[in-house]
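Asker: Submitted below is the structure of interest, expressed as structure tokens.
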Amino acid sequence: MRIAIIGGTGQMGRWFAAFLKRKGNTVIISGRDRRKASRVARSIGVEAAGSNIDAVGGADLVIISVLPPYLERVLREISPRLTEKQRVIDITSIKAVPVRLMHRYIKRSVVLGTHPMFGPSADTKGQNFILTPTNAKEKRFARELGRMLSDYGFSVRTTTPEKHDAMIGYILSLTHFIGFVTADTWKTLRMERYINASSTSFKFLLKFAKSVVDSDPGLYSYIQMDVPTSSKAESAFVKQARMWSGIVRKRDRSRFEARMNELSRYLERLEI
Ligand SMILES: NC(=O)c1ccc[n+]([C@@H]2O[C@H](COP(=O)([O-])OP(=O)(O)OC[C@H]3O[C@@H](n4cnc5c(N)ncnc54)[C@H](OP(=O)(O)O)[C@@H]3O)[C@@H](O)[C@H]2O)c1
3 MRIAIIGGTG
13 QMGRWFAAFL
23 KRKGNTVIIS
33 GRDRRKASRV
43 ARSIGVEAAG
53 SNIDAVGGAD
63 LVIISVLPPY
73 LERVLREISP
83 RLTEKQRVID
93 ITSIKAVPVR
103 LMHRYIKRSV
113 VLGTHPMFGP
123 SADTKGQNFI
133 LTPTNAKEKR
143 FARELGRMLS
153 DYGFSVRTTT
163 PEKHDAMIGY
173 ILSLTHFIGF
183 VTADTWKTLR
193 MERYINASST
203 SFKFLLKFAK
213 SVVDSDPGLY
223 SYIQMDVPTS
233 SKAESAFVKQ
243 ARMWSGIVRK
253 RDRSRFEARM
263 NELSRYLERL
273 EI
């Protein structure tokens, strides 16, 4: 299959370009800077296009891999060139607004909102890939794409764009929020003084918090601020932190132990 990746110079775009090439596809990438696109393409061993328009010409599948604020501009630019035979997916981390934009601009090709639930350093095996079809044509395409992604080792899930975004508030926004607060608390407490005596659990948490704060602030602010359920999830976190702090301050050992046991049983059920 011939696959064009717009934003193929970015983190996810490069990852998909290399991955899809390894799977036997012909891949062509574009970015805003033609020289950068050529450099990146050479390093991965794929083709570079001089522009987004050139990239989509002749592609069976177009993958749009740009940050949310740039999506509309890309759609406006490529839509006049797209044909009925072509398929277009975006991989934006939120889905309701991007899917609406794709419907607004792309009238001839079949479109599909997707969200790979992993970053560019991940191993594909068992990683979740969410598809958000909204009508019969998109559902058919989602089944086809889903089969291909399953063959590639992904766990494919289908939902609506709105349900996807509601879920993202709990799965991504809350997780990132815990990372920011953890790193900020350590900074406030000047934890560097104790780093040489750190424990296994501290090192584990340090790795997690570092992976969160080292990510792209532009993308992460979007996930925090434009997902409707983020603030609900974060309020629950703050409330539970206060509750735990109350148990500790009151030295309520029996409640502490009962709650820990209850949570252990709960997480056992959640384990994947
Ligand atoms: N990073 C993650 O962990 C992750 C996970 C799942 C989904 N996603 C989604 O994947 C998408 C890409 O994220 P990313 O982390 O790869 O971001 P990124 O590293 O910033 O890459 C975005 C790319 O978009 C390109 N771009 C911007 N405007 C463009 C335009 N008008 N025409 C062509 N290319 C343009 C940029 O190219 P140049 O700068 O070279 O011009 C840049 O390389 C986002 O929608 C994000 O929500 C990210």
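FYI, our numbering numbers position 176 of the sequence shown as 178, with every residue one higher than the one before it. Just so you know, even glycine gets a beta-carbon here, dropped at the ideal spot from N, CA and C.
Based on DSSP bridge pairs, tell me the residues matched to P118.
Answerer: Paired residues: F131.
Asker: Compute every distance between the C-beta of V76 and the non-hydrogen atoms of ligand 1, then say whether any falls below 7 Å.
Answerer: Yes.
Asker: Where does Q88 land, buried or exposed, given buried means 16+ other C-beta within 10 angstroms?
Answerer: Its Cβ being crowded by 16 or more others within 10 Å, Q88 is buried.
Asker: Would you call the region 188–205 and the region 133–144 touching, i.e. three or more CB-CB distances under 8 Å?
Answerer: Counting Cβ pairs under 8 Å, fewer than three are found: no touch.
Asker: Drop a sphere of 10 angstroms on the beta-carbon of P135, count the other beta-carbons inside from all chains shown, and report buried for 16 or more, exposed for fewer.
Answerer: Buried, because 16 or more other Cβ atoms sit within 10 Å of the Cβ of P135.
Asker: Count the CB pairs spanning the region 148–160 and the region 116–135 that are closer than 8 Å, and state whether there are at least three.
Answerer: Yes, the region 148–160 is in contact with the region 116–135.
Asker: What are the complete alpha helix (DSSP H) segments, minimum 4 residues, inside the region 58–121?
Answerer: Here the runs fully enclosed are 73–80 and 98–107.
Asker: Would you say the beta carbon of T116 is closer than 7 Å to some non-hydrogen atom of ligand 1?
Answerer: T116: no, Cβ never under 7 Å from ligand 1.
Asker: Can Q129 be considered in contact with ligand 1, in the sense that its beta carbon sits closer than 7 Å to one or more heavy atoms?
Answerer: No, the beta carbon of Q129 sits no closer than 7 Å to any heavy atom of ligand 1.
Asker: Is any non-hydrogen atom of ligand 1 found closer than 7 Å to the C-beta of V68, if you look at the structure I gave you?
Answerer: Yes, the beta carbon of V68 sits closer than 7 Å to at least one heavy atom of ligand 1.
Asker: From what residue to what residue does the beta strand (DSSP E) around I7 run?
Answerer: Here the beta strand (DSSP E) through I7 covers R4 to I8.
Asker: With distance defined between alpha-carbon atoms, name the residue in T177, A199 and T85 nearest to S237.
Answerer: The shortest C-alpha separation from S237 is found at T177.
Asker: Closest by CA to K209, which one among T85, D167, G181 and L114?
Answerer: For the residues T85, D167, G181 and L114, the minimum Cα distance to K209 belongs to G181.
Asker: Would DSSP call V214 helix, strand or coil?
Answerer: In the structure shown, V214 sits in a helix (DSSP, three-state: H, G or I).
Asker: Considering only residues of the region 207–267, which uninterrupted alpha helix (DSSP H) runs meet the minimum length of 4 residues and lie entirely inside it, listed in chain order?
Answerer: 219–227 and 232–251, all fully within the region 207–267.
Asker: Return the CA-CA distance between E270 and A260, expressed in angstroms with no decimal places.
Answerer: The alpha-carbon atoms of E270 and A260 are separated by roughly 16 Å.
Asker: Say whether the region 78–88 touches the region 26–39, bearing in mind that this needs 3 or more beta-carbon pairs closer than 8 Å, one atom from each stretch.
Answerer: Touching, no, given that fewer than three Cβ pairs across the two stretches are closer than 8 Å.
Asker: The beta strand (DSSP E) that contains T160, what's its start and end?
Answerer: Note, T160: beta strand (DSSP E), S157 to T160.
Asker: Confirm the yes/no value for this check: CB of M169, any heavy atom of ligand 1, distance under 7 Å.
Answerer: Not under cutoff, so the answer is no.
Asker: Closer than 6 Å by C-beta to I170: which residues in its own chain qualify, once you throw out the five before and the five after it? Chain order, please.
Answerer: Result list for I170: V229, in chain order.
Asker: Tell me whether the beta-carbon of V58 lies closer than 8 Å to the beta-carbon of I80.
Answerer: Taking 8 Å as the Cβ cut-off, V58 and I80 qualify as a contacting pair.
Asker: Is E49 helix, strand or coil when you go by DSSP?
Answerer: E49 falls in the strand class under three-state DSSP.
Asker: Following the continuous alpha helix (DSSP H) through S32, name the residue where it begins and the one where it ends.
Answerer: Here S32 belongs to no alpha helix (DSSP H); instead the beta strand (DSSP E) covers T28 to S32.
Asker: Checking 8 Å against the spacing of the C-beta atoms, do I65 and I7 come in under that value?
Answerer: Yes, these two residues count as a Cβ contact at 8 Å.
Asker: Could you give the first and the last residue of the continuous alpha helix (DSSP H) run that contains I180?
Answerer: Its alpha helix (DSSP H) spans residues L176 to T190.
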